[in-house]
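In this note's numbering, the protein residues as written are 36 to 343.
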């Protein structure tokens with residue numbers, strides 16, 4: 036049994052030509068053939084194309100193009116007749132576009148599906164271009180993540196009052212300021228240990244301290260100012276605390292109208308306590324006191340709002 040007959044084929048050039056009925060054919064050496072159009076090529080009358088001719092059938096492989104085919108360019112003029120001028124590495128080309136003509140100065144990608152390239156906004160294809168030829172523009176960095184925010188409450192580890200003659204815990208763990216009659220003045224304080232350091236690295240945007248119910252000392256039936264300070268001790272020292280900011284004075288209601296509440300203090304105080312330790316003190320006239328952490332575990336608690 037012999038081998039099947041070999042059908043010869045030719046690889047040649049042809050020209051896309053429009054028939055009278057506007058259908059497209061390919062002219063090969065003066066013979067008009069109805070080809071199969073292969074691949075992604077979009078035929079246009081007048082295009083020079085590469086054709087395989089075999090047994091009277093034609094197969095168009097694509098546009099025959101001499102020279103480099105640039106991938107990107109810049110719009111350098113107004114649209115005319117459905118074409119816009121695009122400056123590329125090989126010169127100025129007249130290109131087709133889709134929709135509204137792109138503005139002068141726009142970066143575009145050239146799509147060589149036919150003899151006349153189509154253009155697309157470069158932003159839409161920059162990623163694929165970079166992957167295909169390695170020469171695309173460097174993509175912009177991703178936007179920074181949105182800031183994180185939060186609020187944390189830190190209970191005091193100790194509350195007390197200091198007098199120069201009696202030392203600390205002059206009145207148990209209640210917190211008092213000033214004096215009764217001719218007594219030696221007292222100063223009160225809350226201490227937080229290392230608890231607020233959990234927020235190191237964050238920016239404090241608001242700080243509040245919880246001032247609990249008043250005790251029956253001084254003019255407890257009268258609205259009085261509590262004088263708040265920031266001090267530098269994370270735990271109770273042997274002597275009085277060192278007050279470095281304040282007073283921040285806020286009037287609180289009489290004993291029968293004040294069961295405790297949050298008072299805002301400077302955010303910078305909260306930041307300093309987070310970054311360097313310390314606590315809150317009360318000092319100076321008038322004479323008043325509030326309960327300590329034994330009677331109200333929230334006494335002197337710090338509430339710190341933060342962001343990153």
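We treat Cβ as the ideally placed atom computed from N, Cα and C, and that holds for glycine. Everything numeric in this text was worked out from a predicted model, so none of it was measured.
Option in the options with minimal Cα separation from residue i
| i | options | result |
| --- | --- | --- |
| residue 68 | 114, 336, 95 and 155 | 95 |
| residue 73 | 319, 231, 250 and 93 | 93 |
| residue 313 | 280, 278, 46 and 268 | 268 |
| residue 78 | 66, 88, 62 and 89 | 62 |
| residue 256 | 231, 286 and 233 | 286 |
| residue 270 | 157, 76 and 230 | 230 |
| residue 106 | 97, 126, 112 and 336 | 126 |
| residue 188 | 205, 91 and 245 | 245 |
| residue 205 | 192, 191 and 220 | 220 |
| residue 146 | 132, 81 and 136 | 132 |
| residue 266 | 283, 254 and 252 | 283 |
| residue 250 | 274, 325 and 52 | 325 |
| residue 118 | 104, 103, 155 and 91 | 155 |
| residue 193 | 228, 222 and 253 | 228 |
| residue 124 | 137, 144 and 116 | 144 |
| residue 208 | 201, 196 and 258 | 196 |
| residue 152 | 180, 130 and 137 | 130 |
| residue 222 | 71, 136, 315 and 134 | 315 |
| residue 22 | 136, 114, 203 and 139 | Residue 22 is absent from the model: the chain starts at 36 and stops at 343. |
For residue j and residue i, believed in contact at Cβ under 8 angstroms, the rounded distance
| i | j | result |
| --- | --- | --- |
| residue 224 | residue 331 | The pair is not a contact, with the Cβ atoms about 16 angstroms apart (cut-off 8 angstroms). |
| residue 305 | residue 210 | Not quite, the Cβ-Cβ distance comes to about 19 angstroms (not below 8 angstroms), so this is no contact. |
| residue 84 | residue 99 | 6 angstroms |
Distance cut-off 7 angstroms: residue i Cβ against heavy atoms of the ligand ADP
| i | result |
| --- | --- |
| residue 87 | The ligand ADP is not among the ligands present in this structure, which contains no ligands whatsoever. |
Cβ shell of residue i (< 6 angstroms), same chain only, five flanking positions each side left out
| i | result |
| --- | --- |
| residue 243 | 297, 299 and 338 |
| residue 342 | 182, 184, 238 and 240 |
| residue 44 | 87 and 89 |
| residue 186 | 340 |
| residue 112 | 120 |
| residue 75 | 148 |
| residue 128 | 121 |
| residue 329 | 208 |
| residue 167 | Residue confidence for residue 167 is low, a pLDDT of 48 falling below 50, so the modelled location carries little weight; the figure read from the coordinates is stated next. If we look at residue 167 and ignore the five residues flanking it on each side, it has no Cβ neighbours. |
Cut-off 8 angstroms between Cβ atoms - residues of its own chain near residue i, not counting five sequence neighbours on either side
| i | result |
| --- | --- |
| residue 54 | 60 and 67 |
| residue 333 | 190, 245, 247 and 295 |
| residue 150 | 79, 81, 82, 83, 98 and 100 |
Beta-carbon contacts of residue i that lie in its chain and below 7 angstroms, excluding the five residues immediately before and after
| i | result |
| --- | --- |
| residue 47 | 63, 86 and 88 |
| residue 142 | 107, 109 and 157 |
| residue 199 | 219 |
| residue 49 | 61, 62, 63, 84 and 86 |
| residue 159 | Bear in mind that the predicted position of residue 159 carries a pLDDT of just 46, short of 50, making it unreliable; the figure below should be weighed with that in mind. Cβ within range, chain order: n/a, list empty. |
Give a yes or no on contact between the stretch 175 to 182 and the stretch 284 to 298, applying the rule of three or more CB pairs nearer than 8 angstroms. no
Using a Cβ distance threshold of 8 angstroms, determine whether the stretch 248 to 262 contacts the stretch 317 to 335, with at least three qualifying pairs required. yes
Could you tell me whether the stretch 300 to 311 touches the stretch 203 to 218, using the rule of 3 or more Cβ pairs below 8 angstroms? no
If you pair each beta-carbon of the stretch 275 to 283 with each one of the stretch 231 to 239, do three or more pairs fall below 8 angstroms? no
Enumerated in chain order, which unbroken segments of the beta strand (DSSP E) with a length of 3 residues or greater are wholly contained in the stretch 187 to 221? 193 to 198, 205 to 208 and 210 to 212
Curious, which full-length beta strand (DSSP E) runs of at least 3 residues does the stretch 244 to 300 contain? 259 to 266, 278 to 287 and 295 to 300
I'd like the ranges of any alpha helix (DSSP H) spanning at least 4 consecutive residues and lying wholly in the stretch 47 to 91. none
What runs of the beta strand (DSSP E), each 3 residues or longer, lie entirely inside the stretch 218 to 242? 221 to 226
Unbroken beta strand (DSSP E) runs of length 3 or more, entirely within the stretch 299 to 328: which are they? 314 to 317 and 323 to 325
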